[in-house]
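Residues in the sequence shown are numbered consecutively from 25, following my numbering. Think of the CB as a built atom: it goes at the ideal place given N, C-alpha and C, for glycine as much as any other residue. In what follows, a structure is listed as structure tokens, so that the remarks can point back to it.
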Amino acid sequence: MGVLVPAGLLVLAIGGCVCVVWASRGGPRWVRGVAAVTLVVGEVLRAAAKSNRRRSVNQSGGDSD
Numbered sequence: 025m026g027v028l029v030p031a032g033l034l035v036l037a038i039g040g041c042v043c044v045v046w047a048s049r050g051g052p053r054w055v056r057g058v059a060a061v062t063l064v065v066g067e068v069l070r071a072a073a074k075s076n077r078r079r080s081v082n083q084s085g086g087d088s089d
């Protein structure tokens, strides 16, 4: 069971990437929808990671200059 969740997330991520490429080549409407959702989720995850990095830098005492 512990392997199924990461494997499922990997399949979803790969499927989303395939839909982004397919949509850029003019795929059907549902592919463009999945591609849009994939891109939005990627932006949200990127923003969360950026926020998390800032938070960890602030907690560790700032820059190492």
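Contact with chain D by residue i, beta-carbon distance below 7 Å
i, result
"Asn-82", "This model lacks chain D altogether, as it is built from one protein chain only."
Nearest-angstrom beta carbon gap, residue j and residue i [assumed within contact, 8 Å]
i, j, result
"Gly-40", "Val-55", "Gly-40 to Val-55, Cβ: 10 Å. No contact."
Span separating the alpha-carbon of residue i from that of residue j
i, j, result
"Leu-28", "Leu-34", "10 Å"
"Lys-74", "Gly-50", "32 Å"
"Arg-70", "Val-81", "17 Å"
"Arg-77", "Ser-48", "32 Å"
"Ala-37", "Ala-72", "17 Å"
"Pro-30", "Arg-53", "28 Å"
Residue i CB to nearest heavy atom of the ligand MN below 6 Å
i, result
"Val-65", "Among the components modelled here there is no ligand, and therefore nothing to report on the ligand MN."
Task: Start-end ranges of the beta strand (DSSP E) lying completely within the segment 33 to 63, minimum 3 residues - done: none
Task: Cβ contact (3+ pairs, closer than 8 Å) linking the segment 61 to 77 and the segment 36 to 51 - done: yes
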